[in-house]
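Everything on this sheet refers to the single structure shown next.
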Amino acid sequence: MQASYDLVIIGGGPGGCMAALHAAEKGISVCLLEKTRDIGYPVRCGEAIGEEAVKQFFNPKDTWIASTIKKCRLVSPNGTSVDIPFRKEHGYILNRRIFDYDISLMASNAGAEIYTKSYVSLIEKQSNGFSISLEYLGEPRKIDAKIVIGADGLESRVGRWAGIRTQIKMKDMESCVQYSVGNIEVEEDRMDMYVGKNYAPGGYLWIFPKGKGFANIGIGISGKYSKDRSAKSYIDEFMDRNFPNAAIHTTMCGGVPCAKPLESPIKDGLMLVGDAAHFVNPVTGGGIASAMKSGMFAGQVASESILKKDTSENFLTKYIKLCQKDFVNRHNRIYNV
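Here it is, written out as structure tokens:
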């Protein structure tokens with residue numbers, strides 16, 4: 169690990185890895201810091217994404233795709249269901265552990281340095297950039313960066329350190345629980361979504377197949393309802409009723425921001441991407457594609473700012489404009505509906 173870099177990225181999800189890839193391709197020095205021991209793990213995601221959302225960046229590898237989704241079953245509050253075929257494009261349920269890791273390999277092959285088990289404890293603004301304090305493999309380190317990208321998720325400490333207001337209203341926060349389960353019968357090419365207060369008040373319950381007899385089954389409910397009854401109690405009731413013999417392999421829980429995107433996820437020398445910038449579809453809670461797109465834009469703008477020796481907030485508004493044109497304006501319209 170060097171003492172200084174042009175760009176330091178904090179967070180090794182799809183947004184952070186895409187930023188590292190596109191910045192390194194432009195020839196600047198890039199360091200990505202990930203607090204966990206592995207890129208791509210633990211998986212905190214339903215893993216669903218549209219086919220074109222992947223193909224706009226890469227030719228998908230077979231190992232990335234757990235299931236190809238060709239239809240969706242919508243189940244109404246009274247149990248009535250309708251199957252909707254996907255005619256224009258299919259969907260994918262990813263193997264995020266492999267998908268994220270492979271993007272990190274692309275970034276490292278482009279020249280980015282990637283360090284896991286790197287816990288950032290403080291970022292301090294300096295006259296020519298930032299000083300970053302961290303623990304790497306249990307040892308204290310300090311590195312300097314001319315520009316920083318925060319890809320550290322919903323709880324983004326990078327944003328708070330920079331003075332960006334990242335708070336989310338309770339009504340805009342989904343309380344989510346997901347089980348990865350085996351020993352169940354599901355159609356491998358169909359995703360199921362249950363809506364209504366009896367299933368998931370203010371949100372929806374999903375079944376995303378991941379191969380024969382295996383699926384991600386999860387729920388997200390609005391924060392304004394979770395104070396009365398937990399998301400876990402809803403999904404446990406659903407599992408007992410529909411899949412009493414399921415084997416639960418993993419359990420995850422957390423919050424998903426279904427708020428408006430941050431209007432200005434930038435400061436001098438700093439940008440936020442993905443969940444850290446609230447770049448999540450307000451209706452579906454999906455954030456993989458927008459994390460990747462914002463990461464790509466941030467990496468491109470960061471490299472341009474370094475090459476032009478201008479890391480000011482004014483220069484970084486290019487990043488905001490790219491995101492607005494691509495998906496932010498759409499997310500704002502969806503939220504207002």
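Residue numbers 169 to 505, in the working numbering, belong to the letters of the sequence shown in order.
We treat Cβ as the ideally placed atom computed from N, Cα and C, and that holds for glycine.
Rounded distance between the beta-carbons of residue j and residue i, thought under 8 Å
i: E481; j: K435; result: 6 Å
i: G297; j: A313; result: 5 Å
i: E202; j: G180; result: 3 Å
i: E342; j: G437; result: About 32 Å separates the two Cβ atoms, so there is no contact after all.
i: D357; j: S235; result: 7 Å
i: K428; j: N500; result: 6 Å
i: I300; j: I291; result: 5 Å
Contact under 7 Å by Cβ, residue i with residue j
i: C213; j: M359; result: no
i: L322; j: D443; result: yes
i: P377; j: A383; result: yes
i: G370; j: I389; result: yes
i: D340; j: C421; result: no
i: S286; j: Y304; result: yes
i: M439; j: G391; result: no
i: I315; j: T479; result: yes
i: G242; j: M407; result: Inspection of the sequence shows that residue 242 is occupied by Leu rather than by Gly. In this structure, M407 does not lie closer than 7 Å to L242 by Cβ.
i: I178; j: G318; result: yes
i: S458; j: F447; result: yes
i: G306; j: G259; result: no
i: E215; j: R265; result: no
Rounded straight-line distance, which links the Cα of residue j to that of residue i
i: K461; j: T231; result: 22 Å
i: A278; j: I233; result: 24 Å
i: Y173; j: V198; result: 6 Å
i: N351; j: I237; result: 20 Å
i: P412; j: F254; result: 30 Å
i: H417; j: V222; result: 27 Å
i: G364; j: V211; result: 27 Å
i: A330; j: I336; result: 17 Å
i: N366; j: Y393; result: 12 Å
Local Cβ density within 10 Å of residue i, reported as buried at 16 or more and exposed below that
i: P308; result: exposed
i: H190; result: buried
i: S401; result: exposed
i: I252; result: exposed
i: A415; result: exposed
i: D320; result: buried
i: F267; result: buried
i: A280; result: buried
Can you give, in chain order, each stretch of the beta strand (DSSP E) that sits fully within the region 431-475 and has at least 3 residues? Considered as a whole, the region 431-475 harbours 438-440 as its complete beta strand (DSSP E) runs of no fewer than 3 residues, in chain order.
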